[in-house]
Structure formats: structure tokens, C-alpha cells
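S.K.: Right, I'll just put the structure down here and ask away after.
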Amino acid sequence: MNETRPTCVNGVAVAIDVEPRTTLADFLRHRLGLTGTHVGCEHGVCGACTVLVDGAAVRSCLMLAVQVQSCDVVTVEGLSSDEALSPLQASFRRNHALQCGFCTPGILTTAHALMRDEPDASEERVREVLSGNICRCTGYVPIVHAVVEALRDARAARGKEAP
Amino acid sequence: MILSNRLIGSHTQRIEDLRLLRGRGCYIDDLKLPGCLYAVVLRSSFAHARIVSIDASEALARPGVRAVVTAANLKGQIPRIPLRMHAHESLTPFQQPVIASDRVRFVGEPVAMVLADSQALAEDALDAIAVEMEELPVEASAEQAPIAIAYAGTRGAAEQAFAKADYVRSASFSVQRQAALPMETRGLAAVWDAEKENLTVYGAAKVAFANRDILAKMLDLPKTSVELRELDVGGGFGSRGEFLPEDFLVPFAARLFGRPIKWTEDRREHLMAATHARDLHCEARIACHADGTVLALAATADVDVGAYMRTNGSVSARNFAQALAGPYRIAHVNSLATIRITNKTPTGTYRGPGRYEADFVRERLFDIAARDLGLDQSTFRTRNLLRPDELPYALPDLAPIPQVTELDNGDYFETFERCKADIGWDEKQLLQGRLHEGRYHGLALGCFIEGGGVGPSEDARLVLHADGSIAVHVGSSAIGQGLETVMAQIAADAFDLPIERFRVFHGSTTDVANGQGSYGSRATVMGGSAVVMAAERLKELIRTEAASRAGCAPTDIVLIRDSAVPPGGTPLLFAEFAELSAEATFFNSRNTYSYGAQAAHVAVDPRTGQVDVLDYVSVEDVGRIINALTLHGQTIGAIVQGLGGVFLEQVSYDDAGQLQVGSLADYLLPTATDFPVIRSTALESYPAPNNPLGAKGAGEGGIIPVAGVISNAVAAALASFAVEPNVLPLSPQRVWELIQESRHAGAVPSPKNQRE
Amino acid sequence: MKLPPFRYERPASLDEALSLLAGSAGDAKVIAGGQTLLPIMAFRLAAPSLLVDIGGIAELRGIRIMPDRLEIGATTRWCDILGDARLAAEHPLLQAGIGHVAHYQIRNRGTVGGSLAHADPAAEMPGIAAACDASIVIAGPDGKRTVPFDEFFLGALTTILSEQEIIAEIHLPRWTPQRRWAFLEFARRSGDFALAAVALHYLKDDSGRLADVHVGVMGVCDRPCRIDAAEAILNGNEPSAELVAAAAAAAAAAVDVDDDLHASQAYRKALIAVLVERAFEAAEARGG
């Protein structure tokens, strides 16, 4: 591990100056004020707290802040811009893939990782990956549609860009 | 009142999404409260005990601990939480105290509250509080438990009908204890301004106004000194938002200690402290003519309401008593729902309270009767469905608190036939009870009504701002259902302006004078209608103001988009009338009844009991579709909750009253792989007659018929085993046991002998 | 559910980790992925005063294919196993079984060593270890020792690991391509702990008779294990529906878990019998 590599959250270097017992979720929310990551259970079942650590989707309630030393962390805020919704976010909006919005950040980060690593993921694979995120409002059907549509649109966009 | 119908009825994308998708929502735990103390509640680990002593001295010595609140702080005057709905004198003894003083009556009851510099430090101190308890006998089952109240729904003379009928059949049914389980747990933040003697509480939901009134009374403050503010809310489903002990304890502590107090519930305590639901067991009977005409329905039900009557603890029993007959023509009804007190977490409303249970019982009896009488499921229902010309049709009389309500209008056959067509009912009859690739296939369907638009009133207030925007303040609460967008659509159509011009504020006691909130599928009907009225009033005010400036009569002013145009004069922009505002109250005492039908196709693996829902179809008429996207979302979400209740969810207790679900690994919620195929269609053939929108409440209909439809589909699949799936949940083990019991009971061929 | 307080160390070497454990008077716990330990601590069912994070120790990582065995480092994550293209041929049963572990996000953190040390009788990794005759390499104050899995796993949530020992790696015998295999699990929802599961593999000789049959079961006893009685029925015989049914019945007879919140004993017996039969069907369908 490169000890001199900074710890970054959404591209910004941060210092991890909290007690060891502070979870990554609480560090992000309360120390850094990035409250987009939500805490739904604190025991690793609901997935609302999912963030990306060095690109991998992980449950931030099951990581200690001190464990992301020298890592790159991306939260839902890091997937967003002020100017426009990302294609994934726009697909969520079009498909009404969120209601109360509490589970949504964890689903967006998970879907983001899936889309990046498995651009040809099938609908069944999307469901299987999302089975680790609990939503009580939507019944999942619109969420799966939104991710499948975003995957399809991304493939089409790549197709257009190909020489 | 003219509404342009540009946005109403469309797939308007939600305004809320722009912040929620970016992680910029503000839920209660997101709120920063500088200088606050953090509260953590110590809860009883006994189901029933006498509190001998509480010694918090060691806890107070722990780092960062500033105070420990117990009943002693209330100096003998422990407030008890009143019933918000259906209060009755016989229920007063069962009201929950805001903190346990001499006794605890369920695992999870608040015993003390620690205030510390951080939540972690407060939790660290919990086990330093020495509580001595003397255990008392536990009432672990509703069967012989003390009675709080009994609701009776009656029509005609049921016993005489049973005595004379060609066919009478009885059965026992059980709907397990469930929990609404929103993804966000509860939370509150309270700030006391000692100088102004003002209290502000953040984290309100559902019924902020009622809670404000309760809290003000408990704290002996004028209502005008107490503000409850609603932020973003992570789901409610009828559970979150009702007044619970912490809704008193946190503000009380803020005033007592002169510090802002923040409280965030964790999931472990949510499972034991937040309100549970359902838990109804009954004996039910049906009486029919030989041709399948239903003469009478009777049910005697016990509702295990737990240790106390919470603010809306009566609702499910009451609804079960009144809604047993659903959308059918049943001349004689006798439905008794007895609320019993046990040593468990108190229950209250959860989507379709009492109606989910009633539909399960009724639709199961229908299929049992149909099978016995040699009729198919569809014919049995069409023989008994109310026709459009029979409406309005009164629901059974209710006692002891009467409430007259009638099915307003509708064509139950239209939704029924459409549902049958959508699932391919006729073509798929070939599959009924057949073994195909190792699984038995079954289909079922059922009809439902959803009571909504609950009165008595709702307020809205519209304000013009100098930047040209119009603020819409509404008493309805947002719980994730898209309230902001729906209210903005209605206002936008009322003014024929783009939706971007409107900002919606909701659910806080600062928004309107007398709000009511969101429950009983009422927000669109009540809040939306209030918005329509307030919009009209505001337009009148604009005309009057423009007329006085232009020197003409208000009737001469024409409103076009955001201008008031006097005859032959210069148009005046709305922005020039900044701060003009209008408030309106919409009154309504008639429930709306959206209605529909659902159908399911299931495949049952007889060797494991696993049931797969291959197809699930819903067709409902909601009177008027305001937002097609959000309506569809409500239906799908409600259906999946219903399916969770049928197959996965269960709050279980042992004989000592100990709660056996301690985490989300125990209480199983549906996930993305469980129910992949759900299809729904909404119609608007019969607008509601009682509101200017013609809308009917539609947030709960999706869940109401699910248990009946699924259990009937399983029964149809396993017809060759003659199983009766009358006990929920239908876990794989339960289904497997039904098959085993059937095998042992009779000469039923084992599946290996049955080839396709 | 905030965690109780603790000190945290992240040693760079195995020796450093071991000396931290030795110096902590039994009140330290090893943390790797933390997917099991942290929930336990969040419920305050454990409150060690020191966490020794072994995630940074290079010698505990990696999957090595040796002539006679697979060596899997203890901090190998589930995603490492699933993402290792060699394993599709080198140990398809392992990859298939690990695909059932929990969920996508858990699989990015949870480790082989963590699962083995936790010793849940329904978990996939211990089940595969039992079904595939694994050995566990344990590092302790006196050096390393290698222990057959049956001696390592003592009972539900109990292993022979002392408070001063760390699992270093797990060894699996090399797979042979002729083996037929299947991994089947029954759980309430995708990713839940198995109510019952089977890891099955075997060879067929030239005359089509079954040989070297391994019938491993999870979730139905206090430890994952091979069902000797089932294997005895199958070995040396040509497969037939009756034979497999008899083996399935033997597996059901071996179930000794009491009724619990999740399943009755009778139901588990029925499940394991079905799973053995269906696993055999799936294995046969794989050909070879």
C-alpha cells in the first residue's frame, strides 16, 4: 500500500481524524457533511449506505473510516453534477425509480459500479446485484427498468461513438 | 373551476427527484443542530415487569453523559398519549405513558433516556443504568387476553341467514403480526427558545398538526408556541409519524435542560419500539345459495393490539369490521373484531389496515365456497359483485362508534373483466392445478375497494412571490409519495402555468392554519382539492387587486398565464402582486372508494413449498389520475409490500413475550429478485363525486387484495391436495406442511406418480 | 447501533499481527472484511478492546495454483474468487458456491478466512471446505500448522482457533476436469443464509459406475459435513433414480439440527433430500 497516497472522497483529499470506531458511513455523513449516504440498519443488510471504495460497491456501515486510508471513496454526491442529472439519474427520474429517496443513493452507487464493470449485464444480473439493496417504497420494478434502460442507452451511445 | 389538464393525468416527472437523486435530501438525521445533545433511549428487556428501582448514577459518571431522564423527572404527572382516531372512553385506561414509571408492559418500552455529547457515548452509558425489575406474568397470546374494545359491523340478520342457507362453511384464518418498516428509522430534533418560550421540533411526519396539539397540551404550552416541521421523510406506510413516547421525551428534555436535543432511532430499536401491525386471527363463516349467491358473511376476530392503544390502534379492527364484504352484494354481515391487550409492542395502522385482513378472509371463503359448490372462481365473483346501478351502497353499520359510509360509484365489472383479460385468465385455466416441470400451477383473482379521501378537512395556502414564483403550502405530509409534484401539477393546471413556477411546502405546522396530514389515502383528494380552492381564491384576489389598480370591475379582468389583463389596459404581471396570498379549507365527510381487481399466476414446488409468482396483475379505477407515474409507483410498491406480507414477513414473539426479530436478517423484506413480474393498469372511468378533482384516494388499494389473491392461487395450484392456505405467512415450510398434512390425511397421489 | 470503543492496529506483517494478538490478553479480535464482525459489534454482542486489521498483510493474499493443491490466502475476498478466470476450470465448484454468498457489496469485502473463522454451519465456504477435503493453515505464536477441515470446525460458531491464532490460508486438493459437480442451495431470498445446501462432486469409471463421491451438506447439522452413508450408497454403483433417492434419504436421516426460528427439523430433512436429488440431476446434466 502506498502510504503517501492521500485519502480522497469525491476527488477531494481528506484527513481521517476520527475515532477508530467511527464507521465510514458516519465519517462521511457527520464529519464531512456528505449526508447523501444514508444509514438504514447499521448491520449490513439494507444497502442504503453503499458507497464506492476504490471503485468497489461496499456497505459503508460495515467499514471503519480508518480502513479507507489512502483509498478513493465516491458517494452519491460524487456521481452528481449541478448542471444536469447523469444518464443513470435521468433514467431513474423518467422511470419513477424512487419514492421516498432514502434507499436511492445506495442503489445509484451500486448501479454505477455495475454499469461500469458489466456494461452488458442482463436484466437478471441487474436484479441479482440489486438484491442487496432494500427498497420499501417502489417494489423494485421501476428501479430495474431504470437500470436496464440506462445500460441499453449506454451501449447505444458507445455504438455511435465506435469508429 | 377550470383546470387546464395539461399536467393532471400526465407522466410528470417528479420535482423531488432533482434533490433526492443527488443525495441532497434533508432527512431528520441529516439536520445539523449546533450545540445539541444526543438522546438514546433505554428500553425494557422484559415483557411485563414492575420497576423496582432505576439507578443512573454510574451512567451519569460516564464520559460525555450530561443527564438521564426517567419518570422521576415528570414528578408524578406522566402524560399519556391520547388516541388521535376513534377515541372512546373504554380505551383511556390503555393509553401509553410517555415513559414507564411503575411498570413496563412490552419489550422495548422506554424506561430512561440518556443525553450525551454523542450518540455513541450515550449508547456506551446504557448498560451503566441499573434497572431492577420484578417480573410479572406475561400475556403472550391474544386468545384469552383482556379486551380493550370490540368493533361490530352489522347489516341485516346474519344468524337467520345462516340458519336458512343451502350452504354454510366456516374456517379459521390468521394474519401474522407485520411491521411497516420504512427504510428510514424515526428521528427528532427539538429546540427550545427560553426567551420566547417557543418550541420547534423537526422530524414531524404524517400528522404534524395533531401531534403539535398533543405535545402542546402535554407541555402545557399554547399551540402557537409549538412548531412541528416536516423535512424529507423516508417512507411511512401508515406507521411513521404517529405520536409516540419519544415525540414527548425529546422536546421535554430540550426544554428541561435548555439544550437542543437530537434523537435518531436505530433499526434494532425500531423493530421493537415503532408500531407493529395486523396480527388478526378469526373464525369466519359464509352462507350461500346453491347457485353461489352469497347470503351472509360472519367473522369473529381477535386483534392482538399489544400492550397499549396507540393513537390509531383501533383502525384495523374497525376497518375489518366494516369492510369485510368488500365490493360485493352481501345482504347479511356480522363482523366482530375484538381488540385484545397483550405484552407486545403496540400495533397501529399499516397500509390497508384491517382491509388487507378482511379481503384475505372474504376471498378465501369465496374460493372455498366456489370449489364446494362446483363453480369457477370468476363466476362466483360476478354473481356477487355490485353493479354500477346499485351504488351508492352503504357499508355495514359500525358500533360502538358509528360511521356511515357508502361505496360512492364505480363499475366493478369493468376492472374485473379487464384484469381477467390482462392475465389471460381464460387461456390459462388449462394450467389450474396442473403439474408442469415439477411445479403445480394455480391462478386466482379477487376484487377490492379502497376507502380513501378521509375527512374532515385540509388546508392549502398559496402565496405570490416577487420573483414570479407561487408558493403552495399544504397541510398534507410527504412520505415519499410524490406530494410536491402532485400538488404542483394541480396548482400549475389551475393557473395554466409551467410547473417550474411552483414551490411546494408541506406538512409543517407553519404552513397552514389547520392542516390534517397524510393518512387514509387522503393527500391528493383533500390536499389537492384544498389547493384547487386556494388557487381559485387567489385568482379572485388577483382580479380584485388588478381591478382596483386599473379602475375597473374584477369581472372585467382576464387572467392569462401569469398576467392580469384589464380591458384595453396594460397587462399586470403576477410578480407585481407579490405577497398576495389566499388560504382555503376543503371540507369533506364522504370517503372515496377507488376499486379494482387483481389476479395472480403462481407455481408451487411441492417438494420445497417454494411459491413463485409468475405473473401478478392489477387493474384499478382511481376516479381521476393526477400523476400517472406516481400512481403506478404506489400500486406496484403496495403490491410488493402485500407479497412480502404473504410470503416473507413476520414479527414473532416467544411465550415469554420476547421479541424474536432483532434485525433485518430476521424480518424478511422483499428484495429485487423476489417478485419480478408485477403489472398494473389504472382507469378513471368513475370520477369521485365529492371533490373538484374527481380523484379517489389510491395509495393503499394495491396492497389490499394481495393476501386473498395469492392464497387462493396457491390453493388452486394445490387443488389435488385440497390444502387450505388460511394462515399467513405462506412460508415455504408452511406450504410444505400443508401438503404433508394433506398427504397424511387422505389417499393423495404423490407428485412422482403424476406426469404432465 | 454505534460501535463500542476499541483501539485499532493495521500491521504490515503476519508476525506483527500475531504479536499484537499475543500481547492483548485475549481481548483482541482479528478483522479482515469485517462483514461479520462489525454487525456483531454493532449489536454489542462483542466488544473487543483491540481490532487487528489484517487486510494489509501481503502474505495473506492471493490464489496460488500448486501442483497438488490450490492455496487461497485468508484475506482473499469473494470477488477475488469470482473474478479469477482460472478457477472456472481449476475449481468450478468453488466458484459456483461462492456465487451464492450474501450480496454484491458484501462480496467486495468478505473474506475466505473470515467465513471460516466465524464457522456458521450454513455458510458456503465452510461447506465447500468440508465437501472438498480442505485443510486450514493456521498461524500462531509457535509458527504455522496445517489442520484438516474436519478437525478445524468443531461445531456451530466454534473452531479450534485460539485467541492468538490467525487463519493464514486454506488448501483445496486440485480439481480434476472429469469430475461432475453441483452446488445447490435453498434460501428464503437470494443471498440469505441457506436453510440447506449441497455441494456434490464425483467421478464415473469406464463402466459408468460412481466413484469418489463427495456429498457435502450445509445448514442441516451443527457443522458442514460429508454424509458417509449417502456416499456409501452411491459409490461403486450405476446411478439410477432409486439409488439417488436412497442416498437422499440417508442425507435426510443425518440431519440433526433442532427446530429453530427459520425451519423445523422435519422441513430441513425434506429440503436436504430434494437438494441431493436435484444436485445429482444437475451434475449428471453437466456431462464430463
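Protein chains in written order, with my numbering: chain A, 55 to 217; chain B, 557 to 1312; chain C, 522 to 809. Every residue gets a Cβ at the ideal spot worked out from N, C-alpha and C, and that includes glycine.
(1) Within a Cβ cutoff of 7 Å, which residues of the same chain sit near residue 91 (chain A), ignoring the five residues on either side of it in sequence?
(2) Could you tell me which chain C residues have their CB closer than 9 Å to the CB of residue 121 (chain A), listed as they occur along the chain?
(3) Among B:1092, B:1102, B:1095, B:1018, which residue has its Cα nearest to the Cα of residue 1062 (chain B)?
(4) At 3 residues or longer, and completely inside the region 618 to 703 of chain C: list those beta strand (DSSP E) runs for me, N to C.
(5) Taking the C-alpha atoms as reference points, what is the distance between residue 666 (chain B) and residue 651 (chain B)?
(6) Mind listing which residues of the region 599 to 628 of chain C have their C-beta closer than 8 Å to chain A's C-betas, in chain order?
(7) Per the contact definition of three or more C-beta pairs closer than 8 Å, is the region 997 to 1009 of chain B in contact with the region 1112 to 1126 of chain B?
(8) For residue 59 (chain A), go through chain C and note every residue whose CB falls closer than 7 Å to its CB, in chain order.
(9) I believe residue 1002 (chain B) touches residue 1046 (chain B) by the beta-carbon criterion, under 8 Å. Please report the beta-carbon distance rounded to the nearest angstrom.
(10) Expressed to the nearest angstrom, what Euclidean distance is found between the alpha-carbon atoms of residue 157 (chain A) and residue 559 (chain C)?
(11) Quick one, which residues of the region 565 to 584 of chain B are near chain A if we go by CB-CB under 9 Å, in chain order?
(12) For a contact defined as C-beta to C-beta under 8 Å, what are the partners of residue 1074 (chain B) on chain A?
(13) Please confirm if residue 104 (chain A) has its CB atom under 9 Å from at least one CB of chain B.
(14) In the DSSP assignment, find the unbroken alpha helix (DSSP H) run with residue 1299 (chain B) in it and report its ends.
(15) In chain B, what lies closer than 7 Å to residue 81 (chain A) by C-beta?
(16) Extract the residue ranges of the alpha helix (DSSP H) inside the region 593 to 662 of chain B, only unbroken runs of 4 or more that lie entirely within it.
(17) Would the beta-carbon of residue 1263 (chain B) fall within 9 Å of that of residue 1217 (chain B)?
(18) Helix, strand or coil: which one does DSSP assign to residue 788 (chain C)?
(19) On the DSSP bridge list, what partners appear for residue 1168 (chain B)?
(20) Return the first residue and the last residue of the alpha helix (DSSP H) that residue 121 (chain A) is part of.
(21) Can you find a C-beta in chain C that's less than 9 Å from the C-beta of residue 75 (chain A)?
(22) What residues are listed by DSSP as bridge partners for residue 191 (chain A)?
(23) Just to confirm my understanding: we take residue 1141 (chain B), look at its own chain, exclude 5 residues before and 5 after, and list those with CB closer than 6 Å. What are they?
(24) Assuming the contact rule is C-beta atoms closer than 8 Å, residue 1133 (chain B) and residue 1101 (chain B) should be a hit. Round their C-beta distance to whole Å, please.
(25) For the region 1051 to 1139 of chain B, which segments carrying the beta strand (DSSP E) assignment without a break, of at least 3 residues, lie completely within its bounds, in sequence order?
(26) Compare the C-beta of residue 710 (chain C) with all C-beta atoms of chain B and state if any pair is closer than 9 Å.
(27) Determine, for residue 55 (chain A), whether the minimum Cβ-Cβ distance to residues of chain C falls below 9 Å.
(28) How would you write the range of the beta strand (DSSP E) that residue 1280 (chain B) sits in, first residue to last?
(29) Kindly indicate if chain B contains any beta-carbon less than 9 Å away from that of residue 570 (chain C).
(30) For residue 569 (chain C), collect the residues of the same chain with a Cβ closer than 7 Å to its Cβ; drop the 5 residues on either side in sequence, then sort them by chain order.
(31) Taking beta-carbon pairs under 7 Å, can you tell me which members of the region 778 to 803 of chain C lie near chain B?
(32) On a Cα-Cα basis, can you pick out the residue from B:893, B:857, B:1052, B:1190 that is closest to residue 1077 (chain B)?
(33) For a contact defined as C-beta to C-beta under 8 Å, what are the partners of residue 84 (chain A) on chain C?
(34) Which residues of chain C have a Cβ atom closer than 9 Å to the Cβ of residue 1163 (chain B), listed in chain order?
(35) Quick check on this structure: which residue in C:702, C:581, C:779 has the alpha carbon closest to the alpha carbon of residue 665 (chain C)?
(36) Let's see if you can read the secondary structure: which residues bound the alpha helix (DSSP H) around residue 1230 (chain B)?
M.R.: By the coordinates alone:
(1) 79, 82, 83, 103, 105, 114, 129, 130, 159
(2) 529, 531, 552, 555, 574, 576
(3) B:1018
(4) 656 to 661, 664 to 669, 674 to 676, 687 to 694
(5) 14 Å
(6) 600, 623, 624, 625, 626, 627
(7) no
(8) The contacting residues do not exist; residue 59 (chain A) stays about 13 Å from chain C at best.
(9) Contact flag wrong, Cβ pair sits at about 32 Å.
(10) 21 Å
(11) 567, 569, 570, 572, 573, 574, 575, 576, 577, 578, 579, 580, 581, 582, 583
(12) Result: empty, since nearest Cβ-Cβ is about 12 Å, beyond 8 Å.
(13) no
(14) 1288 to 1301
(15) The contacting residues do not exist; residue 81 (chain A) stays about 13 Å from chain B at best.
(16) 613 to 616
(17) no
(18) helix
(19) B:1159
(20) Premise fails: residue 121 (chain A) is in no alpha helix (DSSP H) and is neither H nor E.
(21) yes
(22) Beta-bridge pairing links residue 191 (chain A) to no other residue.
(23) 1013, 1015
(24) 6 Å
(25) 1058 to 1062, 1114 to 1116, 1119 to 1121
(26) yes
(27) With a pLDDT of only 47 at residue 55 (chain A), under 50, the local geometry of the prediction cannot be trusted, and the value read off the model is given with reservation. Interface residue, yes.
(28) Premise fails: residue 1280 (chain B) is in no beta strand (DSSP E) and is neither H nor E.
(29) no
(30) 527, 548, 549, 550
(31) 782, 784, 785, 788, 791, 792, 795
(32) B:1190
(33) Those within 8 Å of residue 84 (chain A) in chain C number zero; the least Cβ separation is about 11 Å.
(34) 791, 792, 794, 795, 798, 799
(35) C:581
(36) Element bounds for residue 1230 (chain B): n/a, residue is neither H nor E.
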